[in-house]
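If you read the sequence shown in this note's numbering, its first letter stands for residue 307, the second for the next number, and so on. Where is the CB? At the ideal position from N, CA and C, for every residue including glycine.
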Amino acid sequence: MKILMLKIKLRASWVHSLKEKRMILLSISKRLRNKYNVSVGEVGEQDSHKVIEIGISQVASSKVVLHASKEEIITFVEETCEAEIIDIEEEIIEF
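Next comes the structure, spelled out in structure tokens:
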């Protein structure tokens with residue numbers, strides 16, 4: 307079993323409140339869950355309304371599948387989210 311762990315940090319400079327940030331986070335999370343069947347959650351920067359840090363995980367039997375999925379997820383976030391990606395951390399582990 308292989309596990310993909312991905313952390314994406316986004317900057318949303320136009321956001322003025324934590325409520326707006328939560329709405330963006332919920333939208334991204336729902337779309338990622340529906341399209342890629344991944345687990346998604348806010349993993350950091352919870353008190354900052356300009357920065358969104360999301361953790362994404364996925365399980366598969368092959369690293370090849372996870373690498374392809376990772377690229378698709380990053381591209382999806384870049385294309386569909388108005389926020390700018392400022393950092394990406396990734397790790398694939400064997401369990």
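Spatial distance of residue i from residue j (CA atoms)
i: Glu348; j: Ser367; result: 26 Å
i: Glu390; j: Asn343; result: 23 Å
i: Ile380; j: Asp393; result: 11 Å
i: Ile398; j: His373; result: 9 Å
i: Cys387; j: Ser319; result: 13 Å
i: Ser363; j: Leu316; result: 17 Å
i: Val321; j: Glu385; result: 19 Å
i: Leu332; j: Val365; result: 22 Å
Boundaries (first-last residue) of the beta strand (DSSP E) holding residue i
i: Met311; result: 308–317
Contact belief for residue i with residue j at Cβ below 8 Å, rounded distance in angstroms
i: Val383; j: Ile309; result: Actually they do not touch by this definition, with Cβ atoms about 19 Å apart.
i: Leu312; j: Lys369; result: With a Cβ gap of about 14 Å, Leu312 and Lys369 do not count as contacting.
Inside the stretch 321–389 only - alpha helix (DSSP H) runs reaching at least 4 residues | 324–342, 369–386
At a cut of 8 Å, does the stretch 327–336 reach the stretch 353–366 through at least three beta carbon pairs?
-> yes
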